[in-house]
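The sequence shown runs 202 to 452 under the numbering used here.
Please read the structure below before turning to the comments.
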Amino acid sequence: MAPRRKLAAGNWKMNGALADFAQIDALLAAHPDPGCDVLICPPATLISPMAQRTAGTPVQVGAQDCHQEEKGAHTGDIAAPMLAEAGARHVIVGHSERRADHGETDDIVRAKAQAALAAGMRVIVCVGETLEQREGGSTIDVVGGQLQGSVPDGIDGEQLVVAYEPVWAIGTGKVPTNEEIEEVHGFLRQALQKRFGDDTGAGIRLLYGGSVKPSNAAEIFAVPDVDGALVGGASLKADDFGGIIAALQAA
202 MAPRRKLAAG NWKMNGALAD FAQIDALLAA HPDPGCDVLI CPPATLISPM AQRTAGTPVQ
262 VGAQDCHQEE KGAHTGDIAA PMLAEAGARH VIVGHSERRA DHGETDDIVR AKAQAALAAG
322 MRVIVCVGET LEQREGGSTI DVVGGQLQGS VPDGIDGEQL VVAYEPVWAI GTGKVPTNEE
382 IEEVHGFLRQ ALQKRFGDDT GAGIRLLYGG SVKPSNAAEI FAVPDVDGAL VGGASLKADD
442 FGGIIAALQA A
């Protein structure tokens, strides 16, 4: 089996404008040939212009969410085929902010993942525990349940990325210990191999997310079964995201 290719994925969340494409230009100037995959998921309004701006470059463009239906009376929502037509190649589903702000269940996340796959895109499924769950000792149970419920059956290892984002570490500056990250990523790898078979499970990339920045990226990327990062705020600035990419290249 070919080694898993590292992935640096940036989630701009509800941030960014056309003027911020200068950051993309600066990132590409500093890293014209990164030794890893680079993905940026901007707000939906920026997907098409960003895809045009980055055409022919190492930067791929993705979406932060999609609706589970292909079309219909869902005011304000965006279907997966629409995102693909706009230039998105990946879709994030199940981010903790979507689960919390919009009440998305594992069943909804799974349906969204299936919609993204049907539209020809890869899917990044997010899992992660709250601080209360971490302190209560139920991290593995919570993450395992989310993985089982949110990831569709019959998956291809090339189509799926799983991102472990402890809710209490997102945007807080708090980061789990290397041992805590290793425990969860090791569990995820075993669970994926048990469910999908050794080869497929071994080929699925596992990202860590939650307060990743240039100063801690190398340490995180040294943890076994960490194949990259899902980066929030630090992906908005070329210097910060570039530092994370450089650390991933060196890992």
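Cβ atoms here follow ideal geometry from the backbone N, Cα and C, with glycine treated the same way.
Q: Could you tell me which of K438, A447 and G444 sits nearest to Q224, measuring between CA atoms?
A: By one-based count along the sequence shown, residue 224 stands at place 23. Among K438, A447 and G444, the Cα nearest to that of Q224 belongs to K438.
Q: Along the beta strand (DSSP E) that carries A264, what are the first and last residues, could you check?
A: To locate residue 264, count along the sequence shown from 1; it is residue 63. A264 -> beta strand (DSSP E) spans V260 to A264.
Q) Roughly how far, in whole angstroms, is the beta-carbon of V324 from the beta-carbon of L361, given that I think they are within contact range, below 8 angstroms? A) Along the sequence shown, one-based indexing puts residue 324 at 123. Along the sequence shown, one-based indexing puts residue 361 at 160. Yes, V324 and L361 are in contact; Cβ-Cβ is about 6 angstroms, under 8 angstroms.
Q) What residue from A245, C237 and C267 has the CA that sits closest to V260's CA? A) By one-based count along the sequence shown, residue 260 stands at place 59. Ranking A245, C237 and C267 by CA distance to the CA of V260 puts C237 first.
Q.
Taking the alpha helix (DSSP H) that R205 belongs to, which residues open and close that run?
A. As a position in the sequence shown, residue 205 is number 4, starting the count at 1. Neither: R205 is in no alpha helix (DSSP H) and is coded neither H nor E.
Q. Can you tell which of P233, D266, R300 and E333 has its C-alpha closest to the C-alpha of L318?
A. Walking along the sequence shown from the start, residue 318 turns up at place 117. For the options P233, D266, R300 and E333, the alpha carbon positioned closest to that of L318 is the one of D266.
(Q) When you compare the region 416-431 with the region 217-235, are there three or more beta-carbon pairs, one atom per stretch, that lie closer than 8 angstroms? (A) Verdict: no, contact absent.
Q: Would you kindly check if the distance between the Cβ of V343 and the Cβ of E330 is under 7 angstroms?
A: For the purposes of this step, residue 330 is identified with residue 129 of the sequence shown, where counting begins at 1. For the purposes of this step, residue 343 is identified with residue 142 of the sequence shown, where counting begins at 1. Yes, the pair counts as a contact, with Cβ atoms nearer than the cut-off.
Q) DSSP on N216, reduced to helix/strand/coil? A) As a position in the sequence shown, residue 216 is number 15, starting the count at 1. Coil at N216, not helix or strand.
(Q) Give me, in chain order, the residues of the same chain whose beta-carbon lies closer than 7 angstroms to that of P250; leave out the 5 immediate sequence neighbours on both sides. (A) Within the sequence shown, numbered from 1, the residue matching residue 250 stands at position 49. The beta carbon of P250 lies closer than 7 angstroms to those of L219 in the same chain, with the five residues before and after it left out.
(Q) Using 7 angstroms as the threshold, is the C-beta distance between Q347 and D400 below it? (A) The count along the sequence shown starts at 1 and reaches residue 347 at position 146. The count along the sequence shown starts at 1 and reaches residue 400 at position 199. The criterion of a C-beta distance shorter than 7 angstroms is not satisfied by Q347 and D400.
Q. Is the beta carbon of G288 sitting closer than 7 angstroms to the one on I241?
A. Position 87 of the sequence shown, counted from the start, is the residue given in the question as residue 288. Position 40 of the sequence shown, counted from the start, is the residue given in the question as residue 241. For G288 and I241, no; Cβs fall outside 7 angstroms.
Q) Leaving out the 5 sequence neighbours to the left and right, which residues in its chain are closer than 7 angstroms to W369 when beta-carbon positions are compared? A) Position 168 of the sequence shown holds residue 369. Around W369: T331, L332, R335 and K375.
Q: May I have the straight-line CA-CA distance separating A227 from S339, to the nearest angstrom?
A: The residue you call residue 227 lines up with position 26 of the sequence shown. The residue you call residue 339 lines up with position 138 of the sequence shown. When rounded, the separation of the alpha-carbon atoms in A227 and S339 is 42 angstroms.
Q) Where do the N-terminal and C-terminal ends of the beta strand (DSSP E) with H291 fall, by residue? A) Walking along the sequence shown from the start, residue 291 turns up at place 90. It spans H291 to V294 - the beta strand (DSSP E) in which H291 sits, taken as one unbroken run.
Q. Nearest to E383 by CA position, among T276, D428 and R206, is which residue?
A. On the sequence shown, position 182 is the one that residue 383 refers to. Looking at the Cα atoms, D428 is the closest of the given residues.
Q: Give the straight-line distance between the Cα atoms of R406 and D357, rounded to the nearest whole angstrom.
A: Translated into positions along the sequence shown, residue 406 becomes position 205. Translated into positions along the sequence shown, residue 357 becomes position 156. Whole-angstrom Cα-Cα distance: 11 angstroms.
Q. Straight-line CA distance for A209 to K272?
A. Here the question's residue 209 lines up with position 8 in the sequence shown. Here the question's residue 272 lines up with position 71 in the sequence shown. So the two alpha carbons sit approximately 31 angstroms from each other.
Q: Could you tell me whether the Cβ atoms of V292 and V326 are closer together than 7 angstroms?
A: Your numbering for residue 292 matches position 91 in the sequence shown. Your numbering for residue 326 matches position 125 in the sequence shown. Not a contact, by the Cβ cut-off of 7 angstroms.
Q. When you compare each of R206, K207, T255 and L247 to A230 by their alpha carbons, which one comes out closest?
A. Translated into positions along the sequence shown, residue 230 becomes position 29. Among R206, K207, T255 and L247, the Cα nearest to that of A230 belongs to T255.
Q. Distance, Cα to Cα, G410 vs K395?
A. By 1-based counting over the sequence shown, the position of residue 410 is 209. By 1-based counting over the sequence shown, the position of residue 395 is 194. Their Cα atoms are separated by approximately 24 angstroms.
(Q) Between the alpha carbons of A435 and F442, how many angstroms are there, rounded? (A) If you number the sequence shown from 1, residue 435 lands on position 234. If you number the sequence shown from 1, residue 442 lands on position 241. For A435 and F442, the gap between their C-alpha atoms comes out near 6 angstroms.
Q. With 16 as the cutoff for other CB atoms within 10 Å, does S297 come out buried or exposed?
A. Your numbering for residue 297 matches position 96 in the sequence shown. S297 comes out buried.
Q: Identify, in the order they occur along the chain, each residue of the same chain with its Cβ nearer than 7 angstroms to the Cβ of D278, setting aside the five sequence neighbours on each side.
A: In the sequence shown, the residue the question calls residue 278 occupies position 77. Closer than 7 angstroms at the Cβ level, and outside the excluded window around D278, lie H268.
Q) Going along the chain, which residues of its own chain have a beta-carbon closer than 6 angstroms to the beta-carbon of P457, five neighbours each way excluded? A) No information on residue 457 is available, as it lies outside the stretch 202 to 452 that the chain covers here.
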